[in-house]
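Residue numbering for the sequence shown follows our numbering, beginning at 646 and increasing consecutively.
Here the structure comes first, spelled out in structure tokens, and everything after it is commentary.
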Amino acid sequence: MTLSPSAAARVAAIAAKQGKPAILRLAVEGGGCSGFQYRFGLAESAEADDLVVEAGEATLVVDPVSLDLVAGSTVDFVESLGGSAFQVTNPNAASGCGCGSSFAI
């Protein structure tokens, strides 16, 4: 798992505004138009069984169940005319939807 420099900077900026630790939790849930969807949120701390990835001023944490579906992925933060969002490049995804927030294995 990798947290890109732009994603790490964005997590740090959001956390500073909210007065929280710069810890981004990535989780996978059932749903979305392709079967699974990514869920992002700031976490107060990592759980004992989480994968923890340090990147710059921020940390990415992923629970073991989600890790099976996103192992080897890169979390990036992209800005475009359509808006800005965290984006996962997942080598395990067989297909995805047009919005990039859901995928199938």
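For glycine and all other residues, C-beta sits at the position ideal for the given N, C-alpha and C.
Everything numeric in this text was worked out from a predicted model, so none of it was measured.
Would you mind stating whether residue i and residue j have Cβ atoms separated by less than 8 Å?
{"i": "V698", "j": "T647", "result": "yes"}
{"i": "L696", "j": "L712", "result": "yes"}
{"i": "A653", "j": "A700", "result": "yes"}
{"i": "F722", "j": "F685", "result": "no"}
{"i": "I659", "j": "L705", "result": "no"}
I'd like the span of the beta strand (DSSP E) that includes residue i, first residue to last.
{"i": "S725", "result": "719-725"}
{"i": "A658", "result": "A658 -> not in any beta strand (DSSP E); alpha helix (DSSP H) instead, spanning 650-663."}
{"i": "E674", "result": "668-675"}
{"i": "A738", "result": "From DSSP, A738 is part of no beta strand (DSSP E); its letter is neither H nor E."}
{"i": "E699", "result": "696-700"}
Which same chain residues end up closer than 7 Å to residue i when comparing Cβ atoms and leaving out the 5 residues on each side of it in sequence?
{"i": "V707", "result": "M646, L671, D695, L696, V715"}
{"i": "Y683", "result": "L671, V673, V733, S746"}
Which residues mark the beginning and the end of the alpha helix (DSSP H) in which residue i is found?
{"i": "S711", "result": "709-715"}
Might you give, ordered along the chain, the residues of its own chain that have their beta carbon closer than 8 Å to the beta carbon of residue i, omitting 5 neighbours on each side?
{"i": "S690", "result": "P666, I668"}
{"i": "P650", "result": "A700, G701"}
Establish whether the CB of residue i and some CB of chain D are separated by less than 8 Å.
{"i": "R655", "result": "You won't find chain D in this structure, because it holds only one protein chain."}
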